[in-house]
Amino acid sequence: MILMLCGTSDARELAIRIQQQGHNVLTSVVTESAAQSLTEAGLLVRTGRLTVEAMVKLILENNTPVLVDASHPFAEEAHANAMEAAKQADIPYIRYERTGLAYDDHELLHVVSSYDEAALKAKELKGSVMLTTGSKTLQIFTKHLLGDPDIRLVARMLPRLDNMEKCGELGVEQRNIIAMQGPFSREMNEALYKHYATTVMVTKESGKTGAVDEKIQSALELGIHVVLISRPEAEFGTVFDHFDGVLDELKSILGNNLPDRLNLNNATLNGLIVNIERRME
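Written as structure tokens, this is what we have:
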């Protein structure tokens with residue numbers, strides 16, 4: 002059974018394609034909402050973060066022949082754990098990462114290499130700063146930006162209770178929280194920029210599928226400064242930015258000796274998930 006780390010919307014589609022090729026796939030995600038989306042697509046799912054040790058255990062218990070890492074481009078810990086787990090378990094590691102975006106030089110586009118640099122750039126630019134970088138690194142921005150009388154810090158993130166609690170703990174006012182789940186249309190992005198009188202937008206270079214290009218383009222056209230955090234640099238080894246590359250590599254590794262495809266009803270599927278989670282305890 003192939004173990005696949007999923008962290009983006011196109012990772013779900015790739016997992017479906019792999020399963021359609023006749024491979025048994027166990028997908029791994031961090032959040033319950035992501036797990037629900039994969040389960041609805043007929044995929045076997047486990048939920049929660051994995052340490053190297055837990056990942057190795059999962060690989061060995063499921064006789065995993067190859068690990069496919071399709072986690073988010075900024076999930077650096079997940080990448081490192083996956084590569085180390087594959088190395089310890091002595092199985093091939095394949096990285097799928099959607100194509101990055103290329104932008105022409107623009108006077109309002111500021112490319113930085115870290116969250117701290119992004120926060121300091123936003124502090125320099127001042128005004129109404131909209132964060133679209135999620136909650137995980139929110140404390141970096143509140144540290145640098147809150148308390149500056151010339152800055153309004155607006156945080157856009159998933160509508161989860163833990164996110165709202167974190168905003169409260171860090172001092173982000175309720176009126177400056179946008180709790181919505183994307184992807185957002187161009188019209189929605191523009192409406193939010195205008196509503197909050199945004200002068201600076203901070204985002205991550207995640208790739209096309211997440212609609213980052215529209216978010217940036219609409220901001221630039223409205224005369225908004227964009228602080229773009231570039232992807233972390235990593236040596237993945239075998240990496241592809243298209244589905245066919247991954248599928249061809251799997252065929253090369255596994256050959257034509259494919260297992261029978263899973264044909265599970267909901268009760269059996271749920272039983273397998275419970276069994277996997279118990280093994281991880």
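In our numbering, the protein residues as written are 2 to 282.
We treat Cβ as the ideally placed atom computed from N, Cα and C, and that holds for glycine.
- Here DSSP, grouped into helix, strand and coil, assigns residue 185 to coil.
- By the beta-carbon neighbour count (other beta carbons within 10 angstroms, threshold 16), residue 206 is buried.
- Under the DSSP assignment, residue 173 falls outside any beta strand (DSSP E); it carries neither an H nor an E label.
- For residue 132, the enclosing beta strand (DSSP E) starts and ends at 128-132.
- Here residue 64 is exposed. Its C-beta has fewer than 16 other C-beta atoms within 10 Å.
- In this structure residue 223 touches residue 191 by the C-beta definition: roughly 7 Å separates them, less than 8 Å.
- Residue 26 is a Cβ neighbour of residue 3, given a cutoff of 7 Å.
- With a cutoff of 7 Å on beta-carbon distance, residue 133 and residue 200 are scored as not near each other.
- When secondary structure is reduced to three states using DSSP, residue 197 falls in the coil class, being assigned neither helix nor strand.
- For residue 80, the enclosing alpha helix (DSSP H) stretches over residues 77-90.
- Residue 151 and residue 174 have their C-alpha atoms some 16 Å from each other.
- Taking each of 243, 245, 238, 34 in turn and checking the Cα distance to residue 93, the smallest one comes out for 238.
- Under the criterion of beta carbons closer than 8 Å, residue 156 and residue 178 qualify as touching, at roughly 6 Å.
- DSSP places residue 29 in the strand class (E or B) of the three-state scheme.
- Under the 8 Å Cβ criterion, the stretch 103-120 does not count as touching the stretch 81-90, having fewer than three qualifying pairs.
- The C-beta distance from residue 228 to residue 122 rounds to 5 Å, short enough to fall under 8 Å.
- Collapsing the DSSP output to three states places residue 48 in a strand.
- By DSSP's assignment, residue 153 forms a beta bridge with 129.
- The Cβ-Cβ distance between residue 12 and residue 87 does not fall below 7 Å.
- Shown here for residue 17: same chain residues with a beta carbon closer than 6 Å to its own, the five before and five after excluded, namely 42 in chain order.
- Residue 216 is classed as buried because its beta carbon has at least 16 other beta carbons within 10 Å across all chains shown.
- Annotation for residue 161: no alpha helix (DSSP H) segment contains it, and DSSP assigns it neither H nor E.
- A residue is called buried when at least 16 other Cβ atoms come within 10 angstroms of its Cβ; residue 219 meets this threshold and is buried.
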